[in-house]
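Under my numbering, the letters of the sequence shown match residues 455 to 886, in that order. Just so it is clear, CB atoms sit at the ideal spot from N, CA and C, and this is done for glycine as well. If you're wondering where the values come from, they're calculated on a predicted model, not measured in any experiment. Okay, structure first, notes after.
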Amino acid sequence: MNAPLARPYGASDEIDLLALFKALWGQKFLILAITALTSAMAVGYALTATPQYQVQSVLRPASLKDLDELNESMLYSLAPDAALRMVGDALDSYSLRLKFFEQHPELLVSIKRGDESLDQLLDRLNRSGFAMLRPDPKKGTDTSPFQGISLTYAAGVDGVALVNGLVAAAIDQERVRIQEDFEVLLGNRLARLQSEIAAERARYEADKEARIAGLLEADSLKKSTLQDELTSLRQQVQARRQNRIKQLDEAIRIAEELGISKPTTPSALGESTREVQGSVIRTEVNNQQIPLYFMGVDTLKAERAALIARRSDDFTEPRIVEIQAQLSTLANNREVEILKRRENEDLFFKNLVKLRGEKARLEGLRVDFSRLQLVHVDQVATTPQQPIKPRKVLIVAIGLVAGLILGTFVALIRSLALRSTAPIEVRSEVVV
Numbered sequence: 455m456n457a458p459l460a461r462p463y464g465a466s467d468e469i470d471l472l473a474l475f476k477a478l479w480g481q482k483f484l485i486l487a488i489t490a491l492t493s494a495m496a497v498g499y500a501l502t503a504t505p506q507y508q509v510q511s512v513l514r515p516a517s518l519k520d521l522d523e524l525n526e527s528m529l530y531s532l533a534p535d536a537a538l539r540m541v542g543d544a545l546d547s548y549s550l551r552l553k554f555f556e557q558h559p560e561l562l563v564s565i566k567r568g569d570e571s572l573d574q575l576l577d578r579l580n581r582s583g584f585a586m587l588r589p590d591p592k593k594g595t596d597t598s599p600f601q602g603i604s605l606t607y608a609a610g611v612d613g614v615a616l617v618n619g620l621v622a623a624a625i626d627q628e629r630v631r632i633q634e635d636f637e638v639l640l641g642n643r644l645a646r647l648q649s650e651i652a653a654e655r656a657r658y659e660a661d662k663e664a665r666i667a668g669l670l671e672a673d674s675l676k677k678s679t680l681q682d683e684l685t686s687l688r689q690q691v692q693a694r695r696q697n698r699i700k701q702l703d704e705a706i707r708i709a710e711e712l713g714i715s716k717p718t719t720p721s722a723l724g725e726s727t728r729e730v731q732g733s734v735i736r737t738e739v740n741n742q743q744i745p746l747y748f749m750g751v752d753t754l755k756a757e758r759a760a761l762i763a764r765r766s767d768d769f770t771e772p773r774i775v776e777i778q779a780q781l782s783t784l785a786n787n788r789e790v791e792i793l794k795r796r797e798n799e800d801l802f803f804k805n806l807v808k809l810r811g812e813k814a815r816l817e818g819l820r821v822d823f824s825r826l827q828l829v830h831v832d833q834v835a836t837t838p839q840q841p842i843k844p845r846k847v848l849i850v851a852i853g854l855v856a857g858l859i860l861g862t863f864v865a866l867i868r869s870l871a872l873r874s875t876a877p878i879e880v881r882s883e884v885v886v
């Protein structure tokens, strides 16, 4: 005989959905009660929660005409996209926000919590209040560039004034910074131009002095050369005069020995002893130079006396006259005199006109930074019509769904608990 096997009646591995539904339906009032409780809590939270509002301001690049006055100065160049990035970085900077809050403490009265410091308040707002608005880098460069800032705040806070004030402060800060950079660049450029003009003046003075020195040196060299040539020529003509005197002395002795007192010719001298009747016309053709003593003693002595009495031989050499004329010209260098007498020497600078023109342009350069529009405020922060938090309908719906789920779960647990404590029915079978 085999012993019968006994097992619990409800120990099946399969879930009886119909029995489960019946069990939950039997506890429908519990589920409804829990659902009503959670829904009431959700409604209470939705009605009592502090409303949260959000405002934002969006900036876009300014047009080219807005920056034309600055770019036309040819001293500071700024593209619209660069100006937008500058203002956006200023909006995101901690220092700008801290400075703005320090200047406008009245806007923080409704935001501060107890004895919270300004740094702590700003840190809290940076973490949960402020948010920067920028293009999504994943979308590439096809999107239009923009910069912006948003603020989430509780009811009672003047979020519109905060956002618009920060935007205006960022724009003003960058405008002032650009103006300061512009003025520094302008001052540096003017100082550099002044240095260039001074350097040009010093270079001109050096060139003028070098030119005068060169001209005087050339004149001095030429004078020395002419003086040497003049001395040499005077020695030559003096030597020729002395030689001539010696020649005359020799010719005078010969003429005295021959008895020639008057100028004569060799043929006339040979026929002087013969008698001649009547008038005789004598023609003599001779291709040889007649010796000097044929000039006669009287003529030779007269020439010698004249040579001895001569005080200067300069007139005998035409080149001496030319040299003296050149030396007289070199006595005064007119070009040097004109260079020294120059009064307005700036007119002779090579680059002076260009440098002075650029200096005058920069000195007369005026940029009205008060009208400089760095960005275009595409969206100004305005008072929101309704809060973004809490979403009352969504909260109530979530409370209702959560109540149903929680009620069902509690009913299910209660049903299982009741079922586990119920008496177990055992059936036995006898097998023969």
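Should F636 be labelled buried (16 or more other beta-carbon atoms within 10 Å of its own) or exposed?
Here F636 is buried, its C-beta having at least 16 other C-beta atoms within 10 Å.
Do you know offhand how far L890's Cα is from L809's?
In the structure as shown, the chain starts at 455 and stops at 886, and residue 890 therefore has no counterpart that could be examined.
Is the beta carbon of L819 less than 7 Å from the beta carbon of S527?
Closer than 7 Å, so yes.
What would DSSP say about I603, mapped onto helix, strand or coil?
Note: I603 maps to strand in three-state DSSP.
Quick check on the DSSP output: the alpha helix (DSSP H) that includes Q696 runs from which residue to which?
Start and end: G613 to L712.
Could you give the DSSP three-state label for Q833: helix, strand or coil?
In the displayed model, Q833 falls within a strand according to three-state DSSP.
Output the residue ranges of the alpha helix (DSSP H) runs that lie fully inside the region 469–523 and measure 4 residues or longer, sorted by chain position.
For the region 469–523, whole alpha helix (DSSP H) runs of length 4 or above, ordered along the chain, are 471–480 and 482–502.
From R788 to K677, what does the alpha carbon distance come to, in whole angstroms?
Straight-line Cα distance between these residues: approximately 15 Å.
Express the C-alpha separation of L826 and Y507 in angstroms, rounding to a whole number.
The alpha-carbon of Y507 is positioned some 33 Å away from that of L826.
Does the Cβ of Y747 have 16 or more other Cβ atoms within 10 Å, making it buried, or fewer, making it exposed?
Label assigned to Y747: buried.
Note down the Cα distance separating E879 from L872, rounded to an integer number of angstroms.
Low local confidence applies: a pLDDT of 49 at E879 is under 50, so the model's placement there is unreliable, with the coordinate-based value given in what follows. If you take the alpha carbons of E879 and L872, they lie about 15 Å apart.
Candidates A856, G542 and A672, of which the one nearest L620 by Cα
Here the closest residue by C-alpha is G542.
Inspect the beta-carbon positions of A544 and A624 and report whether they are closer than 7 Å.
Yes, Cβ-Cβ distance for A544 and A624 is below 7 Å.
Kindly give me the distance between the Cβ atoms of I699 and V751, rounded to whole angstroms, as I take these residues to be in contact under 8 Å.
The Cβ separation is near 15 Å, so there is no contact.
In whole angstroms, what separates the C-alpha of A536 from that of S549?
Taking the straight line from one Cα to the other gives about 20 Å.
Report yes if the C-beta distance between A835 and V497 is below 7 Å; otherwise report no.
Taking 7 Å as the cut-off, the beta carbon of A835 is found no closer than this to the beta carbon of V497.
Rounded to whole angstroms, what's the CA-CA distance from V831 to L513? Just pull it up for me.
The alpha-carbon of V831 is positioned some 5 Å away from that of L513.
Using a Cβ-Cβ distance under 7 Å, would K593 count as near chain B?
This model lacks chain B altogether, as it is built from one protein chain only.
Taking DSSP as the reference, what is the three-state secondary structure of K843?
Shown here, K843 sits in a strand according to DSSP, grouped into three states.
Restricting to Cα atoms, I'd like to know which of L576, K566 and S649 is closest to V611.
When only C-alpha atoms are compared, the closest one is K566.
Is any heavy atom of the ligand COA found at a distance shorter than 6 Å from the C-beta of S824?
Absence of the ligand COA is noted for the structure shown, with no ligands found whatsoever.
When the distance is taken between beta carbons, is Q780 closer than 7 Å to L675?
No. Outside cutoff.
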